[in-house]
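Residue numbers (the working numbering): 5 to 703.
Just so it is clear, CB atoms sit at the ideal spot from N, CA and C, and this is done for glycine as well.
Here is the structure we will look at.
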């Protein structure tokens, strides 16, 4: 039965440094591998945890961003606790008072009237029997003493002391396990696939089925439920391959190395722990903080200086999580980083593209795989002049007037050198193209070319600027890249319809401006590709480790549309100063998740504080006034108190008010966020959101 490549292991490794596995364009199903994929060697969440136990761990529903694996909900509000010093002092005073009262009773200083219940409740014959009377007396003394002990213990809040400090040593009870054992694959059994469920349950118990296998097969089963015609292919491949069924196109079943903690059953990656800080809601303190596609689908902006941990504590876990999701046939990821950053090993990706490096086995399509000259012109114009907010449309028009006629004459779009000659008005470039169009009878394309020639005569022609910008790509280091024609082997971001893992290494050290152009090109191609997808079942994620000079008006508008396309971008910036002033506010408004790392400047903190807004909080103003009395006894007591405590007798007046204040002020974000921490706010694609949380990224 036809499986459309969903349940077959496809592709394999190929030689070549700098690329993990070449993926043809368009990215279609490669041939079957000759051998079965290796068994995964990683534990699902932590070392020593079996997959069966990992599946049985409860995952209660929680707010966005909560690490759900084994989560134990906390109270919404902090209990009104008496300070420990006052609590122990009160208990000591109460017990001393009870001991004093008992001493007075025992020694008879308060008379013998407290013995009358003993005389009333005992018969007269007991008083003549010394042994019986002694026993009854001691029982009565024990009851009275125990009653006094309980009374004064309650007065001194001893039970509260016991409950407060005994629970610190006691191990909390684990959450109840699910009603059905997930390791037995109950969904398959309820659908009547007992043999299939038995095969997978046996693989789960033996440990040959990893967490990626579980997520991948679950993904395939969800596809079967939506398309029942795939049921026969699903059962056949599970019967034949067991835990290796429904394999990723590469045939891989896990990453070579994991550096973060993942929960593929909930599609989460843990990035830290909410700090036990007064600014965090009490219910969120000490709980794990995690990211998932439902949050990344609203896009994430992270701002922090170099060394604050953006790459190590945010970008790397997110890329690793998306690679695991891709191996489970749930996502496609494109990571853009500077060459040598060490975001993840080459073996963690299906394809590694390194423009400017001779060991790169794949090229990057300059036009994003488009066949429409107008669409291709918009993409290239965004890359070349997107940071010039006033010239975007003029640039797209000028490029369309050139690449359209060139395609009509040659059958493909121009490469970088040819495009530079056309934009710069090289001798013979336009005339030679005009001759070919006249020979082919392309009248409409001739009109476009003539219009470009007339505009090139103006002093403010945008073509001069475009020629200067594309000259950064027309360097000897890029001679093998951005080629067109039949001999070219470019990679198009339209391949994000497949569960691909792609890393693009930018040559920032020697070609900084070219790297910025390529980064804008990738962002423009990604947004164009994901918005044009017909099948949006895969989550598509673009991660820019350094988004400097990539934020443009068009990219902001495109980012706002990604959440409806089941896609998102992660933008990391050193400072918001790298974004043009008019775009800083719209950028913070376009993304749903915002993250401010320790060490940002007050000017950046002010932007975040403005985007997070204000909240109503309750404040208490306490005023003390000295008590003055004319009564001799009161004066004597106040004098003794001053001698003992060194303070005058005072009375407190407490005023409670509701005031509006910023959730996090610019000064607090700049100076009060500890190293290794960040303030993070989250929004899900469903509209759920959390207030900004102080997150410890080291835990």
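So, residue i versus residue j, is the Cβ gap smaller than 9 Å?
i           : j           : result
residue 500 : residue 338 : yes
residue 269 : residue 186 : yes
residue 523 : residue 562 : no
residue 546 : residue 340 : yes
residue 238 : residue 224 : yes
residue 310 : residue 578 : yes
residue 299 : residue 68  : yes
residue 165 : residue 92  : yes
residue 548 : residue 575 : yes
residue 312 : residue 670 : no
residue 610 : residue 498 : no
residue 281 : residue 289 : yes
residue 253 : residue 504 : yes
residue 518 : residue 482 : yes
Would DSSP call residue i helix, strand or coil?
i           : result
residue 266 : strand
residue 621 : strand
residue 698 : strand
residue 452 : helix
residue 279 : coil
residue 416 : coil
residue 568 : helix
residue 467 : helix
residue 332 : coil
residue 579 : coil
residue 531 : helix
residue 292 : strand
residue 199 : helix
residue 592 : helix
residue 604 : coil
residue 64  : coil
residue 259 : coil
residue 347 : coil
residue 504 : coil
residue 631 : coil
residue 677 : coil
residue 212 : coil
residue 82  : coil
residue 164 : helix
Could you tell me how far apart the beta carbons of residue i and residue j are, in whole angstroms, since I believe they sit closer than 8 Å?
i           : j           : result
residue 527 : residue 554 : 5 Å
residue 367 : residue 487 : 6 Å
residue 333 : residue 507 : Between residue 507 and residue 333 the Cβ distance is about 19 Å, and since that is not below 8 Å, they are no contact.
residue 109 : residue 118 : 6 Å
residue 122 : residue 107 : Residue 122 to residue 107, Cβ: 19 Å. No contact.
residue 408 : residue 449 : 6 Å
residue 608 : residue 384 : In fact, because the Cβ distance is near 32 Å, the residues do not count as touching under 8 Å.
residue 509 : residue 356 : 7 Å
In or out: residue i buried (at least 16 other Cβ within 10 Å) or exposed?
i           : result
residue 3   : Because residue 3 is not part of the residues shown, which for the chain are 5 to 703, the question remains open.
residue 169 : exposed
residue 631 : exposed
residue 129 : exposed
residue 538 : exposed
residue 71  : buried
residue 681 : buried
residue 513 : exposed
residue 112 : exposed
residue 639 : exposed
residue 432 : exposed
residue 690 : exposed
residue 643 : exposed
residue 151 : exposed
residue 329 : buried
residue 628 : exposed
residue 226 : exposed
residue 314 : buried
residue 478 : buried
Closer than 8 Å: is that where the CB of residue i sits relative to any heavy atom of the ligand FMN?
i           : result
residue 251 : What this structure holds is no ligand at all, so the ligand FMN is not there to describe.
Is there at least one Cβ from chain B nearer than 9 Å to residue i's Cβ?
i           : result
residue 295 : Absent from the structure is chain B; it holds one protein chain and no more.
Validate contact between the stretch 658-665 and the stretch 606-624 using beta carbons, cut 8 Å, 3 pairs
With the cut-off at 8 Å, the stretch 658-665 and the stretch 606-624 touch.
Inter-stretch contact at 8 Å, needing at least 3 Cβ pairs: the stretch 422-441 / the stretch 460-472
Contact between the stretch 422-441 and the stretch 460-472 is present, because at least three Cβ pairs lie under 8 Å.
Does the stretch 429-445 come close enough to the stretch 368-382 to have 3 or more Cβ pairs within less than 8 Å?
no
Does the stretch 340-352 come close enough to the stretch 576-596 to have 3 or more Cβ pairs within less than 8 Å?
no
Does the contact criterion of 3 or more C-beta pairs under 8 Å hold for the stretch 589-603 versus the stretch 323-334?
With a cut-off of 8 Å on Cβ pairs, the stretch 589-603 is not in contact with the stretch 323-334, counting fewer than three such pairs.
Is it a yes or a no for the stretch 215-222 touching the stretch 257-276, going by three-plus beta-carbon pairs under 8 Å?
As far as the Cβ criterion goes, the stretch 215-222 touches the stretch 257-276, which means the pair count is three or higher.
Check whether the stretch 379-391 and the stretch 457-465 touch, using three or more Cβ-Cβ pairs below 8 Å as the test.
They do not touch, by the three-pair rule.
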